[in-house]
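Comments concern the structure below.
Chains as they are written, first to last, in the working numbering: chain A, -13 to 299; chain B, -13 to 299.
Shown next, in the form of structure tokens:
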């Protein structure tokens, strides 16, 4: 638990910037490495300390993550925690050869999505978590292993997902050695009742150990779902600057929940995030300039914070 | 209470379409009367039964509401309940001469906004509610009187607003004879904690009597705030098709919370709205065609409902 709570303190709300990974997954205009560094530095200056930087995948097929090895030391030098996806054995090997702080494994809530997304059964995906945890333990015990459960609130291939199944997978991932688990509304099917209910059960499972909620705003429920998650024990929320990260099935759709709006939400609920909204404007200007034509969203950015004092609880 | 619960049944969630009033307040392209009728009819066909149709104001200065007298019988003929703003004595007189089902009076939570918006003190605004209620009682006892409290969560002129003041105003409006009160986050300052807290207190004040929550999505909290309101006793939610109704201070900003998204939210929370999302698409097509260049928003409309079954709780 010590390595975990050093990075994700119990009780405190942590916002993870996933725009450099999830936000670039489908981007048309890719930012240069230099722009990514500047964007990262600007967010660190605004108080953000947790970044998902990319995915350990072959650069030939995933040019958006080709500079991951350069971003990891840049993130560490800036004093922030870095994470990156490790979707197979090679990804784990690559991660262990870097200073990345967190290996992010993905497990699907449904067999169909697991096969379609990773060409692996759910059991094999959990075995990969076990492998990541064992290798890490042996070779880099300071790193975290994160297991994210995709399609946890419904699956575009299989339809409904039983919360019992998600809980069982989360328990299996923790038993396999994951330090932290997350649940993702990958296709934006959930409303706040479903999110609150699953988070309450996950909170009971994890005890004082923080867990992650990863939301997409596909149907406008993103902020409401984040509120329900925070009310039911989630203490780590993924989001991306400007809601970067469209969905291939919904042109113009926002991707992840908007980082700036989640800062506003968290602060309005009384959770000090340590993040400066004005500072995020500077980061956004860099990202927007580096990704012309990409959809940047978010109401707080457009309207600015309220003029009253009490909005920050 | 009988006339009230006939229109706003206790316990059941009612969504009020305010787009034909609040959505046109600042619109650039005004729909024709024919288009408004078609829009209204399409929403009635989709299951919407509550409409705010306009404001009783001089047509010379408010051309967007010049056809209010034609829309009221059209709404009644379609089998739906009509409401319209009565912001002064003349407005009350005009309303009583029509078949409108509900007179909507506005009271500001702060003295500064009351004077700026209505050239009337808060006490005078409450006195106007009393006059509307008394005239109604004498001349048209079937109509409802609604008192909406603007700037209930913070004021762009005065800053913070004490919930005690809002509660006192709500109590004064009910004592003055209003059937139903509402609280409005006119400038989108609130987060869900503030909305939940005020609604819980309003719920205690109103008892079984329904009350209204009126939200603007200025800072992206609209849906989260609606969720908090529904969880804390609000049973009537204002919204506008496509989030019509921009803010003069925030170009491109959505106005009211998006009707379609609120239907999704309410259904996902287990409240049957009786409203068909597919039917709303037809209504939206009419409104969009009638108001070229106007900003129509909403994620549910873009993405469509989820493909799983369990999203509707």
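The beta carbon of each residue, even a glycine, is placed where N, CA and C say it ideally should be. This structure is a prediction, so every number in the text was calculated from the model and none was measured.
In this structure, residue 33/B lies away from residue 285/A, with their beta-carbon atoms at least 9 Å apart.
Within the DSSP bridge table, the entry for residue 91/B names 133/B as partners. DSSP places residue 263/B in the helix class (H, G or I) of the three-state scheme.
Contact residues of the segment 203 to 214 of chain B toward chain A are 203, 204, 205, 206, 207, 208, 209, 210, 211, 212, 213 and 214 (C-beta to C-beta distance below 9 Å). Put simply, of 122/A, 261/A and 203/A the residue whose alpha carbon is nearest the alpha carbon of residue 241/A is 203/A. Of 78/B, 79/B, 82/B and 73/B, the smallest CA-CA separation from residue 94/B is found for 73/B. The segment 250 to 258 of chain A and the segment 178 to 188 of chain B touch, with three or more beta-carbon pairs separated by less than 8 Å. Per DSSP, residue 214/A lies in no beta strand (DSSP E); the unbroken alpha helix (DSSP H) holding it starts and ends at 208 to 217. Contiguous alpha helix (DSSP H) elements confined to the segment 105 to 157 of chain A occur at 108 to 125, taking only those with 4 or more residues.
Rounded to the nearest whole angstrom, the CA to CA distance from residue 159/A to residue 153/A is 10 Å.
Beta-bridge partners of residue 200/A (DSSP): 170/A and 224/A. Of the candidates 102/A, 164/A and 71/A, 164/A places its Cα closest to the Cα of residue 117/A. Judged by DSSP in its simplified three-state form, residue 103/B adopts helix. For residue 38/B, the enclosing beta strand (DSSP E) starts and ends at 36 to 41. Counting only residues of its own chain and dropping the five nearest sequence neighbours on each side, residue 2/A has a CB closer than 8 Å to the CB of 36, 37, 38, 69, 198, 222, 223, 224 and 225.
By the rule that beta-carbons nearer than 9 Å mark a contact, residue 179/B touches chain A.
DSSP places residue 72/B in the coil class of the three-state scheme, outside both helix and strand. Here residue 107/B is exposed: its Cβ has fewer than 16 other Cβ atoms, across all protein chains shown, within 10 Å. With a contact defined as Cβ atoms closer than 8 Å, residue 30/B and residue 62/B miss out at about 11 Å. Along the segment 279 to 298 of chain B, the positions whose C-beta sits under 7 Å from a C-beta of chain A are 284, 285, 286, 288, 289, 292, 293, 294, 295, 296 and 297, read in chain order.
Per the C-alpha coordinates, the member of -10/A, 273/A and 184/A positioned closest to residue 24/A is 273/A. At a C-beta separation below 9 Å, residue 250/A has these neighbours in chain B: 177, 205, 206 and 207. Closest in C-alpha terms to residue 6/A, from the list 231/A, -5/A and 192/A, comes 231/A. Across the structure, residue 213/B and residue 78/B are spaced so that their CA atoms are roughly 33 Å apart. Separation of the CB atoms of residue 137/B and residue 209/A is rounded to 22 Å, and the pair is thereby denied contact status at 8 Å. Judged by DSSP in its simplified three-state form, residue 0/B adopts strand. Closest by C-alpha distance to residue -4/A, out of 243/A, 193/A, 26/A and 277/A, is 193/A. In its chain, beyond the 5 residues on either side, 143 have a beta carbon closer than 7 Å to the beta carbon of residue 102/B. A distance below 7 Å between beta-carbons, with the five flanking residues on each side excluded, links residue 59/A to the following residues of its chain, in chain order: 85. The beta carbon of residue 16/B lies closer than 8 Å to those of 10, 49, 50 and 277 in the same chain, with the five residues before and after it left out. Exclusion of the five residues before and after residue 119/A leaves 131, 162, 163 and 164 as the residues of its chain whose Cβ lies within less than 7 Å of its Cβ.
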